[in-house]
Each structure stands twice: as structure tokens, then as C-alpha cells.
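Participant: Mind looking over this structure? Questions follow.
There are 2 protein chains.
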Amino acid sequence: MTSIKEVARAAGVSTATVSRVLANKAFIRPETRERVLKAVAELKYRPNLLGRSLRSQRSARIGLVFSDIRNPFFAGLSRAVEDAAYEKGCSVLICNTDEDPRKEALYLDLLHDENVTGIIFSPTQQFSAQSAAYHTDIPMVAIDRYARNLRIDTVLLDNIAAASELAGHLIDGGYRRLGGLFGDASTTGQDRCRGFQEALRARGLEPLATRFVPARIDSGYAAAAIMLDGPEPPDGIFASNSLLAAGAFRAIRERNLHIPDDVALVGFDLTEWGEFVDPPITVIIQPMEEIGCTATDLLFQRIAEPSRPAQQVTLKGKLLVRGSSAPR
Amino acid sequence: MTSIKEVARAAGVSTATVSRVLANKAFIRPETRERVLKAVAELKYRPNLLGRSLRSQRSARIGLVFSDIRNPFFAGLSRAVEDAAYEKGCSVLICNTDEDPRKEALYLDLLHDENVTGIIFSPTQQFSAQSAAYHTDIPMVAIDRYARNLRIDTVLLDNIAAASELAGHLIDGGYRRLGGLFGDASTTGQDRCRGFQEALRARGLEPLATRFVPARIDSGYAAAAIMLDGPEPPDGIFASNSLLAAGAFRAIRERNLHIPDDVALVGFDLTEWGEFVDPPITVIIQPMEEIGCTATDLLFQRIAEPSRPAQQVTLKGKLLVRGSSAPR
DNA sequence: TTGTAAGCGTTATCAT
DNA sequence: ATGATAACGCTTACAA
């Protein structure tokens, strides 16, 4: 490990000069700069980020906290964030909470200890409820969900409008007895439920059932199974994310029901399975890339100007109509 | 940010003592320990990891380098690694190379600069070819692929055997004109091709075609399209990973061909789409969890004992027979 | 334009 | 059993 001292010695200057050359700061005599750069190259010197961060009290690392990287939505988001952050010379620490408030708290502490400069965060419902109590000096941006009572930058889908459009499409196609599946751990599940209900009521209908369950395939399956096996099975199922939709699909198929004749199915997010099944699934497409980039931008803006008023950026989803909701 | 100094002052001891109490090292008078712990709690002190790492020259961070977190296989792997690492108080830095050797080199440098204690690495073919030239003092474990000429711990599937079993199953089901799609960026693609060819030759057959393309849906689609539109279309397609299989599926469906009557399709890894399409896809299941855990274990072993001889752990895949390869 | 030196928060060494 | 102190690698006033 060659250090700045050895470079300084090799170039016949002080460590301060080396530091200045590397930071492209201050005025350095071109001749000196050359000598330093030559020494850097020859010794293959690479600055130690720990030393730098310790001294300057800022790191080039941000944290990304969400439920699970195996959820394609978050996987896509994390790529968008990583690419955007890398552009700015930042690396990203990814933390999976599994919607567990304890893990969430643990990881927020960890990120604090790691001296990240900022955090992009998809809070659980529980965090959101108690967020007023939470305090940190680390710049934070909420993504995909909001943190109630916490005045921080937020970027998310216009969930109520998107859900309302999706449910409206179903109703206007002639479906009447709609069951809704929603994630129980996020504000997003709540908002999409609201949009779902609004669309129904605007048309003089009531939902057959609205169920809040963990955003996992197995719980989507179980909840859909209960609906389908009940005394009054739905003629359409609205799933508030791709995992719940997958669970519902499995339950429908297991019962040899036909989509959409026996029961329609609509959800959120582009997935391979939603494209490949027959008929393919009608979904709201979220602009993942844009959500990730916007969040990263907002975070860097806040890092640069911590006292700036908090912004909320709301992005529009796009309805992709496919066979699973064909008009009856 | 309360530092160790303030804790020391509050407890009326030296910083050295605080450090020792927190490290659970040396013998400390119970009374002193209590005082220190009380001060720690009262001041909500959390050690600064930068200072610690800088001084002790070791961090509690490892790097994970692979092509793309959006590939479900790597997403699963990263969760297994993260969970195993977190058990040991380690955090994980994830780096996506997109199979680009330049990004790969960039990220390996970055991880070096970040002072990670170890790296779990899925090298590109190019890296593997030139790996003899690469040198680092950071403990490394290869995962899913191997680095030729580099004597490092490695954990991967028994790819030749798995591919051979999968291809053999196809042939024994009566399929004769087989086309193979393989990832062009990894040793894994090569090994699976070898197993594929061996199975054919052992039964006196030759492959109709073997194509090496980037492990992406679009390139799998394009390569399968060429096969299917050619003068001698295959009656079975062997895809060496789930992305290529998805591309092949899309090409098959677009041509209104029926699986498996017109053409069979087999691949690797459990995916939602592979389960939900009709008929579902026959695959080799890789023990993702175990691969990730084993790699993490090996890495920690090597960190503890750097001179230990390199191990190669080979895990068995499991054939899951489904409808896409039903005997003709 | 460049050098000197202090200090970021920690741990390790050497005393005591 | 505990305290002083140096050092990890770097940046940044302040001096020159």
C-alpha cells in the first residue's frame, strides 16, 4: 500500500502538494504538478478513502434501504441509483430490511456508522408512523413510499391516480365484483387501495374485498385463494404489486380458472412472467429508471444544500392494457 | 457525533480503556466496565467505523462483484451473501459490471480503495483469460465462474454434469436436433456447452448449433430467432441461463410454435415465468443460497488464514422435469 | 506557489 | 488493570 508520503518523497514535494494536485485545487506550478503525477503513476498510488473520509468528514458513499433486492422493482431501482451515483464517483451500500422494522433500524444505524453522506430509503409502514421520533443529520430521500411526519424529499408514483386508472379500466371493461390485494407494509399499498376504492365508488360500486398482506408471492397466493374459494368469488382481482399478482396468478391457475373469462387479473410493474403467460397481464408500468435517478439527484442536491425546503416529486404511471383484462 | 474521547471523559477513564471495553478485550475491572458502558449508553455513543478501520487496517466490509443484480440468480446470491456477512457484522458493497471488463477493473480498484477485507467475484471471460496478470493482496473468492490461472477459492455448480444431465434428459425424451444458447462472457457458458455436447456425443449425436451470446433476453431472443427461422430448425432448445431461456421463449411464442410439440425448451434456475407459462419449463435448479453461503464462509476462512491452500467447492444442480420437455 | 503541522476517531504499544 | 501516546492516511489552515 503506497501512501501519500511515499509519493511526496518520490516527487520531492510535501504531502500537502500531492493532495492539492490530486484534488485539482489551488494553483500548482505546472512543472510541480507533472512531477507529482509522474510519481503517482510510477508508484501506482491510489488514495486511501478511509483516510480521506476521516479527515474531510464526508465520504463518497450513499446507502440504499428497501425491503428486498429480489423484488424486481427494487432490483431495477438499485441499478438506476447505482449508475447515477457512480457517475458522481459514489458507491452504494444496499440494505435489505425484509419489511422488518428491527432490521430497518439496525441498517439505518449501520449506515450512520459507515459515515454515508446520504440515504435513499423506502420506509416500512411502522417507520412511517413513528417517523417523527426519528432524527438524523444524514440527508435522506424517501423512495417509492413516503415517511409521514418527516419533512424529507420524496419521489414516488402517483399511486392513487395510477390505481384508480387501473381499477377504472377493469370496471369499464365490465368487471363488477372486484377483490383487491395490497402490501401491508407500505404507504404505497394504502394509497393504491385508496385509488382502487375511489374508482369503484365513483362508479357507484363497492369493493368485494380488500386484503392487506405481506408483499410476497406466498401471501398473495393465500389471500387470493381465500377470495376465490369464498361464497362470493370476485370476477376481477387487483394486485398492488408484482409479487402479489404472481401469487394471485398461481391461485387462479391452480383452480383451473380462466383469465379473464372466469376472473380478470391486473397488477403493477413489467415482469417476464406477466408478459409470457397467456393471456399476458395488464399492468401499470412505473418509470423505475426515472424514480431511481430522480431520488439520487434529490439526494445530491440536499447534500449540497441541506437547508433547502423538502420537495415531493410525483411521477405518472403508464397503463399497459393486455389480455388479462379484456372487456367481457 | 460523540466520540470516544467524550465517553472517556464522562466515564473518567482514558480512551484506551473505552476501546478495550468495547472490544471485550483485556481484563477490565467490572466496576470500570460498568462506568464505561453507562457512559456509552447515556451519550448514545457509536464507534466511528472509519477511524477504526484506518487504525486497525481492516474493515468490516466485503465487496460483491458480478454482472447484474437484475439477473434473478445474482439477486438471490446477493441476499445469501448479505445475510451470511451480516451475521458476522460485515456489510456488503455490490458492484455490477454488465460483463464489461472495464467496469470490472474499475470496480475492483474501487473496492481496493474502499479497503474492503475481501471480495466475492464472478469474473468475466476476459478477466479469467488474463487473470494471471492480476494481483491483489485482498482475499478473493470466485463464485459461479472460475478465474483460470488464478489460484483462489472457488464455488460453483458442477456445470458440465448439470448441463449433460439436462441435455441427456432432452435426448432421451426423443429430441434429436438440438440447438444450444450459451452466455459468451463466462466460463460457465463454456462449461455448460461442454456438458451439452458431451451428452449428445455420448449418444452418437451432434449439436445442430451452439451459439455464444451475451446473457440477456434480447440476445437470447435474436439467437433463437435465427435458429428457428433457419433451414433446419431445432426440435429442442437448450438455454444455459434463465435470461437466454426467456429470450428463446419469446421467439418461440412469437412464431406461434407449440412447446414441446414443435420445439422443446430447457434452461437453468427457478423463475416465476418458467413456472407460470404453459407448459412450465424444465430446468436445472441451482442451490443459490448454498452457493452464496459457501462463498462467504470460504472468504472469511481465507481472511483468517491467508496462506491456506485454495479450495474449489463444486455443488450439484437438481433437474426439475416439467412439461416443456415432455417425451415425444 | 509550496511547506509545516494539526487533527479527523480509533487502536496498539509501551509504560506504570 | 489502566493511562499516555503514537500512528493509521489524509486534508487544510496557516506560514513562509
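Residue numbers (the working numbering), protein chains in the order written: chain A, 127 to 454; chain B, 127 to 454. Ideal Cβ positions, reconstructed from N, Cα and C, are used throughout, including at glycine.
With DSSP as the reference, identify every bridge partner of ILE277 (chain B), one or two as the case may be.
Facilitator: The sequence position of residue 277 (chain B) within the second sequence is 151, counting from 1. For clarity, residue 277 (chain B) is Arg in the given sequence; the question names Ile instead. Bridge partners of ARG277 (chain B): none, in fact.
Participant: Using alpha carbons as the reference points, say which of B:ARG303, B:ALA149, B:THR422, B:ILE352 lies closest to ILE246 (chain B).
Facilitator: One-based indexing of the second sequence puts residue 246 (chain B) at position 120. Measuring from the Cα of ILE246 (chain B), the nearest candidate turns out to be B:THR422.
Participant: Secondary structure at LYS103 (chain B), three-state DSSP: helix, strand or coil?
Facilitator: Residue 103 (chain B) falls outside the range modelled here, since chain B spans only 127 to 454, and no answer is possible.
Participant: Have a look at ASP226 (chain B) and PRO198 (chain A) and give me their C-alpha separation to the nearest angstrom.
Facilitator: Working through the second sequence from its first residue, we reach residue 226 (chain B) at position 100. Working through the first sequence from its first residue, we reach residue 198 (chain A) at position 72. ASP226 (chain B) and PRO198 (chain A): Cα-Cα distance of roughly 22 angstroms.
Participant: To which residues of the same chain is ALA371 (chain A) closer than 6 angstroms at the C-beta, ignoring the five residues directly before and after it?
Facilitator: Taking the first residue of the first sequence as position 1, residue 371 (chain A) is located at position 245. Taken in chain order, the residues that qualify are ALA365, GLY393.
Participant: If you count every other CB in all the chains shown that lies within 10 Å of the CB of GLU398 (chain B), and 16 or more means buried, which is it?
Facilitator: Locating residue 398 (chain B) in the second sequence gives position 272, where the first residue counts as 1. Looking at its Cβ environment, which holds 16 or more other Cβ atoms inside 10 Å, GLU398 (chain B) is buried.
Participant: Check whether the Cβ atoms of GLY362 (chain A) and ALA390 (chain A) lie closer than 9 angstroms to each other.
Facilitator: To locate residue 362 (chain A), count along the first sequence from 1; it is residue 236. To locate residue 390 (chain A), count along the first sequence from 1; it is residue 264. The answer is yes: Cβ separation under 9 angstroms.
Participant: Kindly indicate which residue of A:ARG434, A:ALA149, A:ALA341, A:MET414 has the alpha-carbon position closest to the one of ARG172 (chain A).
Facilitator: Your numbering for residue 172 (chain A) matches position 46 in the first sequence. ARG172 (chain A) has its Cα closest to that of A:ALA149, out of A:ARG434, A:ALA149, A:ALA341, A:MET414.
Participant: Ignore the nearest five residues each way along the sequence and tell me which others in GLY191 (chain B)'s own chain have a CB closer than 6 angstroms to its CB.
Facilitator: Here residue 191 (chain B) refers to the residue found at position 65 when the second sequence is read from its first residue. Gly is not the amino acid found at residue 191 (chain B); the sequence shown has Val there. CYS221, TYR233, PHE247.
Participant: Quick one, are the C-beta atoms of ILE188 (chain B) and VAL218 (chain B) less than 9 angstroms apart?
Facilitator: As a working mapping, residue 188 (chain B) is identified with position 62 in the second sequence. As a working mapping, residue 218 (chain B) is identified with position 92 in the second sequence. In contact: ILE188 (chain B) and VAL218 (chain B) (Cβ atoms closer than 9 angstroms).
Participant: In chain B, which residues lie less than 7 angstroms from LEU176 (chain A) when you measure between Cβ atoms?
Facilitator: Counting from 1 along the first sequence, the entry for residue 176 (chain A) is found at position 50. Within chain B, the residues near LEU176 (chain A) are LEU176, SER179, LEU180, ASN241.
Participant: Determine the DSSP secondary structure at GLN256 (chain B), reduced to helix, strand or coil.
Facilitator: Walking along the second sequence from the start, residue 256 (chain B) turns up at place 130. It is coil, neither helix nor strand.
Participant: Of the residues that make up the region 382-412 of chain A, which ones have a beta carbon closer than 9 angstroms to any beta carbon in chain B?
Facilitator: Cβ contacts with chain B: THR397, GLU398, TRP399, GLY400, GLU401, PHE402, VAL403, ASP404.
Participant: Output the residue ranges of the beta strand (DSSP E) runs that lie fully inside the region 404-435 of chain A and measure 3 residues or longer, sorted by chain position.
Facilitator: For the region 404-435 of chain A, whole beta strand (DSSP E) runs of length 3 or above, ordered along the chain, are 408-411.
Participant: For a contact defined as C-beta to C-beta under 7 angstroms, what are the partners of ARG320 (chain A) on chain B?
Facilitator: If you number the first sequence from 1, residue 320 (chain A) lands on position 194. Under the 7 angstroms cutoff, chain B gives no residues; its nearest Cβ is about 28 angstroms from ARG320 (chain A).
Participant: Judging by CA-CA distance, which residue of B:ARG274, B:ALA341, B:MET414 is the nearest neighbour of GLN438 (chain B)?
Facilitator: The residue you call residue 438 (chain B) lines up with position 312 of the second sequence. The shortest Cα separation from GLN438 (chain B) among B:ARG274, B:ALA341, B:MET414 belongs to B:ARG274.
Participant: When you compare only the Cα positions, how much space is there between GLY202 (chain B) and LEU334 (chain A)?
Facilitator: Numbered from 1 along the second sequence, position 76 holds the residue referred to as residue 202 (chain B). Numbered from 1 along the first sequence, position 208 holds the residue referred to as residue 334 (chain A). So the two alpha carbons sit approximately 36 angstroms from each other.
Participant: At a Cβ threshold of 9 angstroms, is HIS261 (chain B) touching chain A?
Facilitator: If you number the second sequence from 1, residue 261 (chain B) lands on position 135. No, HIS261 (chain B) does not count as interfacial toward chain A.
Participant: What's the C-alpha gap between ILE378 (chain A) and THR243 (chain A)?
Facilitator: Residue numbering aside, residue 378 (chain A) sits at position 252 when the first sequence is read from its first letter. Residue numbering aside, residue 243 (chain A) sits at position 117 when the first sequence is read from its first letter. Approximately 46 angstroms between the Cα atoms of the pair.
Participant: Is the shortest distance between the beta-carbon of GLY309 (chain A) and the beta-carbons of chain B less than 9 angstroms?
Facilitator: Position 183 of the first sequence, counted from the start, is the residue given in the question as residue 309 (chain A). Closer than 9 angstroms: no.
Participant: Mind checking THR262 (chain A): buried by the 16 CB within 10 Å criterion, or exposed?
Facilitator: As a first step, residue 262 (chain A) must be located in the first sequence, where it is residue number 136. By the neighbour-count rule (16 or more Cβ atoms within 10 Å), THR262 (chain A) is not buried but exposed.
Participant: Classify HIS295 (chain B): buried if its beta carbon has 16 or more other beta carbons within 10 angstroms, exposed otherwise.
Facilitator: For the purposes of this step, residue 295 (chain B) is identified with residue 169 of the second sequence, where counting begins at 1. Answer is buried; the Cβ neighbour count reaches 16.
Participant: Looking at chain B, is there any beta carbon in it that lies within less than 9 angstroms of the beta carbon of ARG448 (chain A)?
Facilitator: The residue given as residue 448 (chain A) occupies position 322 in the first sequence. By this cut-off, ARG448 (chain A) is not an interface position.
Participant: Determine the direct distance from the alpha carbon of ILE264 (chain B) to that of ALA167 (chain A), and round the result to whole angstroms.
Facilitator: Along the first sequence, one-based indexing puts residue 167 (chain A) at 41. Along the second sequence, one-based indexing puts residue 264 (chain B) at 138. Taking the straight line joining both Cα atoms gives about 21 angstroms.
Participant: Within the continuous beta strand (DSSP E) that includes SER217 (chain A), where are the two ends?
Facilitator: As a position in the first sequence, residue 217 (chain A) is number 91, starting the count at 1. Element bounds for SER217 (chain A): 217-222.
Participant: Decide yes or no for the touch test of the region 287-294 of chain A against the region 321-338 of chain A: beta carbon pairs closer than 8 angstroms, at least 3 of them.
Facilitator: These segments touch.
Participant: Please state whether the Cβ-Cβ distance between LEU307 (chain A) and ALA255 (chain A) is less than 9 angstroms.
Facilitator: In the first sequence, the residue the question calls residue 307 (chain A) occupies position 181. In the first sequence, the residue the question calls residue 255 (chain A) occupies position 129. Taking 9 angstroms as the Cβ cut-off, LEU307 (chain A) and ALA255 (chain A) do not qualify as a contacting pair.
Participant: Find the residues of chain A that neighbour SER217 (chain B), judging by a C-beta separation of less than 7 angstroms, and give them in chain order.
Facilitator: The sequence position of residue 217 (chain B) within the second sequence is 91, counting from 1. Near SER217 (chain B) (Cβ distances below 7 angstroms), the residues of chain A are LEU219, LEU236, GLU240.
Participant: Just how far apart, CA to CA, sit PRO360 (chain B) and GLY400 (chain B)?
Facilitator: Looking up residue 360 (chain B) in the second sequence gives position 234. Looking up residue 400 (chain B) in the second sequence gives position 274. In a straight line, the C-alpha of PRO360 (chain B) is about 20 angstroms away from that of GLY400 (chain B).
Participant: Looking at chain B, is there any beta carbon in it that lies within less than 9 angstroms of the beta carbon of PHE247 (chain A)?
Facilitator: Residue mapping note: residue 247 (chain A) aligns to position 121 of the first sequence, counting from 1. With 9 angstroms as the cut-off, PHE247 (chain A) does not count as an interface residue toward chain B.
Participant: Sorted by chain position, which residues of the same chain lie with C-beta nearer than 6 angstroms to GLY305 (chain B)'s C-beta, five sequence neighbours on each side aside?
Facilitator: Reading the second sequence from its first residue, position 179 is the one you call residue 305 (chain B). Counting only Cβ-Cβ distances below 6 angstroms, and skipping sequence neighbours, we find LEU334, ALA335, MET353, PRO360, ILE363.
Participant: Helix, strand or coil: how does DSSP classify GLN438 (chain B) here?
Facilitator: Counting from 1 along the second sequence, the entry for residue 438 (chain B) is found at position 312. Strand.
Participant: Pick out the complete alpha helix (DSSP H) segments inside the region 147-210 of chain B, 4 residues or longer, and give them in chain order.
Facilitator: As far as the region 147-210 of chain B is concerned, its whole alpha helix (DSSP H) runs of at least 4 residues are 156-168, 175-182.
Participant: Pick out whichever of A:LEU446, A:ARG428, A:GLU415 has its Cα sitting closest to the Cα of SER206 (chain A).
Facilitator: Here residue 206 (chain A) refers to the residue found at position 80 when the first sequence is read from its first residue. Residue 206 (chain A) is actually Ala in this sequence, not Ser. Looking at the Cα atoms, A:GLU415 is the closest of the given residues.
Participant: From GLY87 (chain A) to GLY346 (chain A), what does the alpha carbon distance come to, in whole angstroms?
Facilitator: Because chain A is modelled from 127 through 454, residue 87 (chain A) falls outside the range shown and cannot be assessed.
Participant: Following the continuous alpha helix (DSSP H) through LEU326 (chain B), name the residue where it begins and the one where it ends.
Facilitator: Residue numbering aside, residue 326 (chain B) sits at position 200 when the second sequence is read from its first letter. Note, LEU326 (chain B): alpha helix (DSSP H), 313-328.
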